[in-house]
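Here the structure comes first, spelled out in structure tokens, and everything after it is commentary.
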Amino acid sequence: MRHIYLVLTISLMTVFIGCRNDKTKQMSPNNTTPVKVPAVSGDSMMAMVSRQLAFGVRYPGSEGHLKARDWIVAAAKSYGAEVEIQEFKADFLGKKGVQAYNIIARINPDQKERIALFAHWDSRLIAEKDSDATKKNQPILGAVDGAGSVSALLEIARQIQQNPVNLGVDMVFFDAEDQGEEAKIESWCLGSQYWSKNYPKDATKPKFGILVDLIGAKGSVYGKEEISYNFASLLVENVWKLAHAMGKSSLFVNLPVGPITDDHYYVNMYAGIPTIDIIATKPSGQFGDYHHTHSDNIDALDKDNLTSVVQVVTAVVYKTSDGSFKF
Ligand SMILES: [Zn+2]
């Protein structure tokens, strides 16, 4: 992840204040029985992170990448999803035509009412921010930046299998998100660019999407990211409002974060699905110290932080199904 702008303008603040009041109260009454939101398991997610890290580094073209792909496909199928692999070729960091794979898992594929959840599953080829110059060219394990968000989606799939929900959920695990170069915006997010630009016109479009990225690192907080806000301000506000109602206001902070060109940008632009990014930054707005270094291993994760974020996303899923979460 890349391109974070910390300059917050007065106009942005004005937009925040201006949008907040009336729209968030448009929760129209819906008399369906409220569903019970199941409690997600942090232990389950940490085990799934360990499983991915055990495959080794997982950049496109690596052995660990194929093992992780097969494991994600098998896991999603075991939780009852219909799974499709979308293949594409990726050029990155001097490599050409590397085989890459988006993994698309559809839960309740026949449901007309759908939402989407997104994450990237590749780990980065290099560690350009590592303090050890001799290790900058070595691939990272990507516990936070990759495995954690994959585990989040799979845990939600596992919960849905155990606690069925009257809603379709499309989970897309994007490949080749994290192989970009700082100065070239379009060198990032290759999987989401491909998926979004090839989104079938006749598909039953999810009414909204949530991308999770860099979630669960120690000390992380989640602010309202500007691209998310520009495309789907009401969704941002309602997710944060729900998080606060769940007692998680110290994590889902009421602070703007500058635009981050992440997978959600392409999903919004080309697939036309209003999608927000729940992405961690330090309170300063910077990415954590682990980011794109060899410290991005299992120790960078905080099980409670990860669990809190995934619990909120899970609540969005279940509360959308009973009509109590609106977008
Ligand atoms: Zn990254």
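Under numbering that gives the first Met the number 0, the first residue of the sequence shown carries the number 0, and numbering increases by one thereafter.
Glycine included, every Cβ here is placed at the ideal spot set by N, Cα and C.
Contact test: residue i Cβ vs ligand 1 heavy atom, cutoff 8 Å
{"i": "L213", "result": "yes"}
{"i": "D169", "result": "no"}
{"i": "H263", "result": "no"}
{"i": "D144", "result": "yes"}
{"i": "E185", "result": "no"}
{"i": "E176", "result": "yes"}
{"i": "R57", "result": "no"}
{"i": "H293", "result": "no"}
{"i": "H290", "result": "yes"}
{"i": "R123", "result": "yes"}
Identity of the residues DSSP links to residue i by a beta bridge
{"i": "Y100", "result": "E86"}
{"i": "E224", "result": "V256"}
{"i": "K94", "result": "F91"}
Which of helix, strand or coil DSSP assigns to residue i
{"i": "T319", "result": "helix"}
{"i": "F230", "result": "helix"}
{"i": "L152", "result": "helix"}
{"i": "A73", "result": "helix"}
{"i": "I184", "result": "helix"}
{"i": "R50", "result": "helix"}
{"i": "K325", "result": "coil"}
{"i": "V311", "result": "helix"}
{"i": "D212", "result": "strand"}
{"i": "L250", "result": "coil"}
{"i": "V164", "result": "coil"}
{"i": "M45", "result": "helix"}
{"i": "R113", "result": "strand"}
{"i": "V56", "result": "coil"}
{"i": "L391", "result": "No information on residue 391 is available, as it lies outside the stretch 0 to 326 that the chain covers here."}
Extent of the continuous beta strand (DSSP E) to which residue i belongs
{"i": "D121", "result": "That residue, D121, is in no beta strand (DSSP E); it is neither H nor E in DSSP."}
{"i": "D276", "result": "T274 to T280"}
Beta carbon proximity, residue i to chain D, threshold 9 Å
{"i": "V164", "result": "Note that chain D does not occur in the displayed structure, where there is just one protein chain."}
First through last residue of the alpha helix (DSSP H) which encompasses residue i
{"i": "G190", "result": "L189 to K196"}
{"i": "D262", "result": "D262 to Y265"}
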